[in-house]
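Heads up: the sequence shown at position 254 corresponds to 254 in full-length UniProt numbering, and the numbers run straight through without jumps.
No residue lacks a Cβ here, since even glycine has one placed at the ideal position from N, Cα and C.
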Amino acid sequence: MRICCGEVASLDEFKKIDAGLLEVEKEWEAGTFNIIPGADEDIYTANERRLGEIIGKDVAGKLHTGRGRNEQIATDMRLWLRDELDKLEGFLKNFLGRAQAIRWSHWMLSYGFAFANDLERLREIRKWVNRSPLGCGALAGNPFGIEREMMAKELGFEELLWNSMGVVVDRDFVLETLQWGSFLMQHISRWAEDLIIYSSAETVGDSIQIAEGVLSLLATQPKMHAALESFKLATDVAEYLVRKGVPFRETHHISGRCVALSEQTGTRMNELTNEKMKGVDARFEGDIAESF
């Protein structure tokens, strides 16, 4: 288009170049493009050579008019990176997508146990730290018979360290403490990220809706049912089928069909009749309702 707009090539020539490049593209995609060593300096000269073979060298020679290789490389990099960033955005949306409904207490306890593990690690590290090197000497030991046990007791140490060379160079206890700090901060960071996500407009709105339902005399409200969207129950269906002896890989496809049926009929999955569930797979029984 740039060639045509710049009046370097006529409209007919532009159409030939466009059609020829499509043929070149097909060859690259099919893996049939023939690179000629020596003649093809890089991908640009290779494409132009092949284009010339298809539409003629005179017209193909106008391909790179007004377009330097450096700018094409920069443009290609931006195009590629833009596509990859779009993919990443999709992955992030999928990662943050809703999955299964869980209790608030279950979420809170996930961090409760994480912090309990951190506390247990901290106490183990303290045991390693709380050993006295005092009285070992600078390198080869202490020849003066210093009462190391007494000094350790006075300073509150639980044990003694015995090898003088190892004691003076050892900093493992520092690294252990720093590593423990990184574990703790990772858990705190994850907790903070969850709170930020849960503070987003959409999530806050959902939380308020559920809270309204709970406070309305603890009655089941339509707003509370919003937490039971079909795709959130797909895992429950799969687990039900596994307990019935269905191979797990097969349950994934069956639960997917249940989700599709729920969306097509506009009926929540937990409200589908047993007959409709059996229509998806004959192994569904009346006790499927207990899974919801």
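Cβ of residue i within 9 Å of any chain B Cβ
| i | result |
| --- | --- |
| V168 | The structure shown has no chain B; it contains just one protein chain. |
Unbroken alpha helix (DSSP H) run spanning residue i, endpoints
| i | result |
| --- | --- |
| E275 | N274 to V280 |
| residue 293 | No statement about residue 293 is possible, as the shown extent of the chain runs from 1 to 292 and does not include it. |
| S10 | No alpha helix (DSSP H) contains S10, which DSSP labels as neither H nor E. |
| A46 | I43 to I55 |
| W162 | No alpha helix (DSSP H) contains W162, which DSSP labels as neither H nor E. |
| E154 | R148 to L155 |
| C258 | F248 to T265 |
| T65 | Per DSSP, T65 belongs to no alpha helix (DSSP H) and is neither H nor E. |
| M269 | That residue, M269, is in no alpha helix (DSSP H); it is neither H nor E in DSSP. |
| G181 | D172 to Y198 |
Integer Cβ distance of residue i from residue j, believed to fall under 8 Å
| i | j | result |
| --- | --- | --- |
| M165 | L139 | 6 Å |
| R131 | L161 | 5 Å |
| M151 | L134 | 5 Å |
Pair within 9 Å by beta-carbon distance, residue i and residue j
| i | j | result |
| --- | --- | --- |
| G241 | E250 | Gly is not the amino acid found at residue 241; the sequence shown has Leu there. Contact: yes. |
| K16 | G56 | yes |
| residue 293 | R243 | Shown here, the chain extends from 1 to 292; a query on residue 293 therefore has no answer. |
| T65 | A9 | yes |
| W180 | L122 | yes |
| N274 | G286 | yes |
| D42 | R82 | no |
| F173 | W128 | yes |
| V59 | E13 | yes |
Pairwise C-alpha distance: residue j and residue i
| i | j | result |
| --- | --- | --- |
| L233 | K278 | 17 Å |
| M1 | T75 | Note that M1 has pLDDT 45, beneath the 50 cutoff, so the model's placement of it is unreliable and the number below is only indicative. Between M1 and T75, the C-alpha separation is close to 15 Å. |
| Y111 | E176 | 22 Å |
| A282 | L119 | 50 Å |
| G31 | P247 | 39 Å |
| M185 | R126 | 18 Å |
| L85 | G61 | 34 Å |
| I254 | F115 | 39 Å |
| L63 | N47 | 10 Å |
| F113 | A238 | 28 Å |
| E159 | I288 | 60 Å |
| A40 | E263 | A small correction: the amino acid at residue 40 is Asp; Ala does not occupy that position in the sequence shown. In a straight line, the C-alpha of D40 is about 55 Å away from that of E263. |
| E290 | F284 | 12 Å |
| K276 | W80 | 46 Å |
| P37 | K87 | 35 Å |
| T265 | E29 | 42 Å |
| E71 | I197 | 40 Å |
| R171 | L178 | 11 Å |
| N142 | F183 | 38 Å |
| R268 | H252 | 18 Å |
| K153 | V169 | 23 Å |
| E27 | I73 | 21 Å |
| V259 | G245 | 21 Å |
| I188 | N117 | 13 Å |
| T235 | L11 | 57 Å |
Are the stretch 18-33 and the stretch 50-66 touching by the rule of at least three beta carbon pairs closer than 8 Å? yes
Should the stretch 154-173 be called in touch with the stretch 185-192, which here means at least 3 C-beta pairs below 8 Å? no
Could you check whether the stretch 138-153 touches the stretch 101-116, counting it as contact only if at least three pairs of C-beta atoms, one from each stretch, sit closer than 8 Å? no
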